[in-house]
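First comes the structure, then the notes that go with it.
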Amino acid sequence: VQQQLQQVPVQHVYTNQVQYVEGGDATYTTSTIICTGLHLVVCVLSVLGHLLAWALCLSVCLWLCVCVLSRQLSSGPQVQWLLDNYETVEGVSLPRSTLYCHYLLHCQEQKLEPVNAASFGKLIRSVFMGLRTRRLGTRGNSKYHYYGLRIKASSSLLRLMEDQQHLAMRQQPFSQKQRLKPVQKVEGITNGMSSGSGQQQQQSSGLSDISTQVQQYQQFLDASRALPEFPDVDLQGRALPEGIELEHLKSFQLLYREHCEAILDVMVNLQFPLVETLWKTFWRFSESQAGDSATLAVHDESEKRLPKSCLVLLCKYDPVLRWSRDCDNTLYQGLVEMLIPDVLRPIPSALTQAIRNFAKSLESWLTNAMMNIPEEMVRVKVTSASAFAQTLRRYTSLNHLAQAARAVLQNTAQINQMLSDLNRVDFANVQEQASWVCRCEDRVVQRLEQDFKLTLQQQNSLEQWAAWLEGVVSQVLKPYQSSSAFPKAAKLFLLKWSFYSSMVIRDLTLRSAASFGSFHLIRLLYDEYMYYLIEHRVAQAKGETPIAVMGEEEDSDDECQELSLQSDGGAIGDESLEPPAKLARTDQRVLFTTGSMDN
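Quick note on this note's numbering: the sequence shown kicks off at 11 and runs consecutively.
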């Protein structure tokens with residue numbers, strides 16, 4: 011048996027492998043068992059991982075579906091709320107924070123869960139397609155606005171009075187709040203008006219503080235207009251006054267700049283009474299000559315930066331006077347364009363009345379605030395302020411006329427009646443009478459008459475009429491472009507336009523035209539708008555602001571411009587005073603030439 015066992019072939023066995031021997035038992039090593047167990051564990055975990063991943067994906071999908079469904083259910087009322095309360099209008103803007111605040115109030119009232127500002131912004135852009143975002147405001151105090159969006163006039167949001175300071179478009183910078191705080195703490199001043207005489211003056215003048223309704227009216231303003239940089243004082247080689255150092259001059263410039271920025275900010279917020287307070291603060295106004303301790307405390311900060319004795323000396327210095335005048339003209343022009351960005355666009359009557367009352371009180375506020383300031387500076391300041399007030403009154407009147415005329419121009423029956431009455435006017439007779447004074451070329455007058463009738467027949471809008479009037483001004487004044495005679499020619503054209511239109515109204519009156527009232531209203535509007543156009547054209551030709559042009563003193567040439575126009579024709583005799591129409595039509599010294607209109 012032993013011999014037979016020895017004859018069995020030897021099989022090689024490796025310790026790290028599983029051996030299968032026929033007819034014998036299987037043998038397993040320890041490492042083999044461990045590896046096999048780990049492999050099984052990995053397989054089980056892999057299967058479980060795949061199952062968990064699929065379960066997780068399924069749960070995420072279900073959660074997203076629920077979120078989308080809930081968002082659709084919740085965004086429906088939000089979309090309708092946006093459409094009910096807001097509308098897209100070109101040329102207006104609304105702060106992003108204001109809109110989101112309205113949304114939060116809406117969610118609070120309706121017991122809805124609000125979304126964050128970013129998600130709400132996406133919702134707004136999906137509702138109002140093409141909406142743009144701009145950063146508007148003065149330097150260092152700008153905010154993001156939705157440009158082209160405003161609150162509907164029928165929306166209840168216009169009547170919201172809560173949290174107005176948060177809803178205001180722009181707030182005063184920190185430095186300006188510090189300047190206003192001391193004034194509000196002393197002498198019983200509230201909202202920029204003293205509880206005594208100042209408040210009585212406000213009530214007697216009818217000046218209403220509409221700053222609490224700034225959210226309602228700010229959409230009619232152009233709050234994006236910032237105050238331009240002021241130039242340096244041009245000393246023109248002149249020595250500084252005795253006792254004045256260069257640092258005093260620089261302090262005055264810095265204080266004046268801050269003062270103008272503060273005025274711009276309170277005007278944007280429609281806090282008109284605060285302008286008087288700012289003037290009193292800057293010019294160190296004091297009821298008593300000696301000044302009490304409370305008043306001195308108000309001006310303490312300004313006194314440290316620039317003593318009043320130095321301020322008084324600078325107010326007599328010619329370079330400072332010229333610089334102050336230029337700065338005021340720049341400031342006031344910006345305020346006009348901010349308050350009335352478009353003279354033809356409708357403005358609420360309450361805002362118009364507030365602006366007119368402010369213009370009425372402007373000069374008295376300024377003269378009162380500058381009680382102890384040298385007369386030279388007072389004269390310069392009052393001249394600019396007077397031009398500013400006059401411009402506000404004219405522009406608000408022009409806007410009022412525009413809205414009244416808009417209703418006439420949109421009435422087909424009135425337009426037809428006006429055309430019928432206008433065709434009965436004897437324009438040949440009107441030209442015969444007007445030519446003695448106006449000396450207008452016949453073909454030019456006929457061209458204007460035909461264009462006027464055609465524009466009236468087409469029932470054009472007020473804006474189209476404005477474009478036609480602007481075209482008339484451009485054609486008439488085209489020969490005088492880049493000429494020193496441009497301002498004189500423009501003013502003379504304004505006189506001739508007014509005289510000729512009065513002759514047409516006279517003919518309509520004598521004929522008892524049924525549309526006389528409509529023509530009278532249209533004539534008032536067109537005369538006022540012509541004045542507006544000429545004012546801006548002259549300012550552009552001189553390279554100045556319209557406020558500066560209106561506030562400048564009349565030149566000696568302008569005072570006798572009707573005589574200077576005749577200077578090249580010799581002495582004025584009896585022949586030149588005769589009214590032959592043929593002389594007027596053939597005289598070469600005419601303002602309107604046929605070529606200027608044909609071009």
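The C-beta atom is built at its ideal place from N, Cα and C for all residues, glycine as well.
This one's a predicted model, so the numbers in the text were calculated from it and none came from an experiment.
Between Ser492 and Tyr542, the alpha-carbon positions lie close to 20 Å from each other.
In the structure shown, Glu473 falls within a helical segment according to DSSP collapsed to helix, strand and coil.
In this structure Val353 is in contact with Leu408, their Cβ atoms being roughly 5 Å apart against a cut-off of 8 Å. When the Cα atoms are used, Cys67 and His60 turn out to be separated by approximately 11 Å. For Met387, the enclosing alpha helix (DSSP H) starts and ends at Glu385 to Leu419. Partner residues in a beta bridge of Tyr490, as assigned by DSSP, do not exist. Going by C-alpha positions, Met380 is about 8 Å away from Arg294. Less than 8 Å divides the Cβ of Leu324 from the Cβ of Phe262. Ala399 and Trp446 have their C-alpha atoms spaced approximately 37 Å apart. Within the DSSP secondary-structure output, Arg160 pairs in a beta bridge with Glu97.
With respect to the 8 Å criterion, Leu250 and Leu264 are not classified as neighbours on the basis of their beta carbons. Leu520 has its alpha-carbon roughly 51 Å from the corresponding atom of Tyr157. Beta-bridge partners of Thr143 (DSSP): Tyr156. Contact check for Tyr405 and Ala476: beta-carbon distance about 14 Å, past the 8 Å limit, so the pair fails to qualify. Counting only the Cα atoms, Leu288 lies some 18 Å from Ser396. Annotation for Ile350: Ile357, Ile365, Leu402, Tyr405, Thr406 and Asn409 place their beta carbon closer than 8 Å to its own, counting only its chain and skipping 5 residues before and after. Under the three-state reduction of DSSP output, Val243 falls in the coil class, being neither helix nor strand. In the structure shown, Leu104 adopts extended strand secondary structure according to DSSP, grouped into three states. Within the same chain, Cβ atoms closer than 7 Å to the Cβ of Phe526 are found at Leu518 and Thr519, the five residues on either side in sequence being excluded. By the C-beta criterion, the segment 546-559 is judged not to be in contact with the segment 428-443, since fewer than 3 inter-stretch pairs fall below 8 Å.
Its chain contains no residue whose beta carbon lies nearer than 6 Å to that of Gln118 once the 5 sequence neighbours on both sides are disregarded.
A buried status is given to Asn339, since no fewer than 16 other beta-carbon atoms sit within 10 Å of its beta-carbon. In the three-state reduction of the DSSP assignment, Glu268 falls in the helix class. Using a 10 angstroms sphere on the CB of Asn126, the tally of other CB atoms stays under 16, which defines it as exposed.
Runs of the alpha helix (DSSP H) lying entirely within the segment 508-537 and spanning at least 4 residues: none are present.
Leaving aside the five residues that flank Lys314 on each side, none in its chain has a CB nearer than 8 Å to its CB. For Tyr342, the uninterrupted alpha helix (DSSP H) run begins and ends at Asp328 to Leu349, by DSSP.
In this structure, the beta-carbon distance from Gln467 to Val455 does not fall below 8 Å. Between the alpha carbons of Ser234 and Met277 lies a gap of roughly 13 Å. The DSSP-derived three-state label of Asn433 is helix.
In this structure, the beta-carbon distance from Leu531 to Ala415 falls below 8 Å. Taking the Cα positions, Val346 is about 13 Å away from Ile273. Distance from the Cα of Ser508 is smallest, within the candidate group Arg516, Ser522, Asp537 and Val483, for Asp537. Following the DSSP letters along the chain, one finds Asp461 inside the alpha helix (DSSP H) bounded by residues Asp452 to Gln467. Between the alpha carbons of Leu479 and Thr465 lies a distance of about 11 Å. In the structure shown, Phe138 adopts coil according to DSSP, grouped into three states.
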